[in-house]
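See below for the structure under consideration.
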Amino acid sequence: MDVLIKIFPYFCTLLLVGCALFTLLRNARQGHATFLLQLDARWENMEGHRKAVFELRNAHFKNVMSDHSSLSDCHRIKKLRDRYKEAIKDKADNDPETFRKFIIYLGFFETVGLMVQKKYMPFNEVLRLYKGPILDIDLMFIDYIKDWQMHADVEEGLFENIIYLVKKVRRQKLPFTTRWFGWLCWWSPGRDVV
72 MDVLIKIFPY
82 FCTLLLVGCA
92 LFTLLRNARQ
102 GHATFLLQLD
112 ARWENMEGHR
122 KAVFELRNAH
132 FKNVMSDHSS
142 LSDCHRIKKL
152 RDRYKEAIKD
162 KADNDPETFR
172 KFIIYLGFFE
182 TVGLMVQKKY
192 MPFNEVLRLY
202 KGPILDIDLM
212 FIDYIKDWQM
222 HADVEEGLFE
232 NIIYLVKKVR
242 RQKLPFTTRW
252 FGWLCWWSPG
262 RDVV
């Protein structure tokens with residue numbers, strides 16, 4: 072009986088610590104779920120911005136793929152990237168409203184990339200939710216962003232979290248052999264698979 076009386080306070084302490092840990096984990100999951108719901112609401116509110124990106128993608132994709140059907144996939148993708156870069160430059164110069172929609176769209180993924188990079192949000196969830204749009208950003212916007220970063224009036228680190236996110240998703244989408252031997256496509260390592 073003496074042993075039970077001596078162990079009882081330790082047992083109660085362990086029980087309280089276990090309950091506290093359970094409560095903390097539950098609250099963390101609830102906070103994470105709330106964040107995902109807010110992210111989803113923000114995504115749904117960007118319908119006009121998503122539509123502008125979708126229209127840009129469709130306006131050039133079929134034309135480039137049919138105009139350059141004799142080229143290899145690697146070179147057709149290069150032509151497509153160049154066409155998107157020129158189209159985005161044109162929107163920046165001649166259609167500031169659509170360009171603004173593109174920037175807001177990219178800003179959403181800048182936030183998501185920051186959340187993934189700082190480990191506030193698991194990458195696997197981002198991959199499941201936004202893999203397609205992130206791959207579209209890689210195809211359509213990355214070359215323009217990299218050119219834009221070189222301008223003198225642009226702050227260092229422009230859309231660096233998007234670039235981080237795109238690289239991370241690109242590593243996930245490519246099979247092992249393509250990821251390691253993609254350098255054979257001279258213009259862009261690892262981009263020879265759409």
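Taking this note's numbering, the leading residue of the sequence shown gets 72, the next gets one more, and so forth. No residue lacks a Cβ here, since even glycine has one placed at the ideal position from N, Cα and C. Keep in mind that this is a model prediction, so the values were computed, not measured.
Boundaries of the alpha helix (DSSP H) around K202: 194-211. For the pair K202 and V237, the CB atoms are not nearer than the 8 Å cut-off. DSSP, reduced to helix, strand and coil, places D144 within a helical segment of the structure shown. Take H131, set aside five residues on each side of it, and the residues of its chain with a beta-carbon closer than 8 Å to its own are L151, R154, Y155, A158, in chain order. Within the stretch 109-163, the complete alpha helix (DSSP H) runs of at least 4 residues fall at 118-138. Around the C-beta of F179, 16 or more other C-beta atoms lie within 10 Å, and the residue is accordingly described as buried.
Within the model, the alpha-carbon separation for H139 versus I148 is close to 10 Å. L177: member of the alpha helix (DSSP H) spanning 167-188, first to last residue. Rounded to the nearest whole angstrom, the C-alpha separation of T94 and H222 is 50 Å.
Residue state for E231 is assigned as helix, using DSSP reduced to three classes.
For L229, the CB contacts under 8 Å within the same chain, skipping 5 residues up- and downstream, are I216, W219, Q220 in chain order. Taking the C-beta atoms as reference points, K162 is found no nearer than 8 Å to H120. Across the structure, K122 and L107 are spaced so that their CA atoms are roughly 22 Å apart.
By the CB criterion at 8 Å, F194 and V183 fall outside the cutoff. Taking the C-beta atoms as reference points, E181 is found no nearer than 8 Å to N116. Annotated as proximal: F212 and L177, with beta-carbon spacing under 8 Å.
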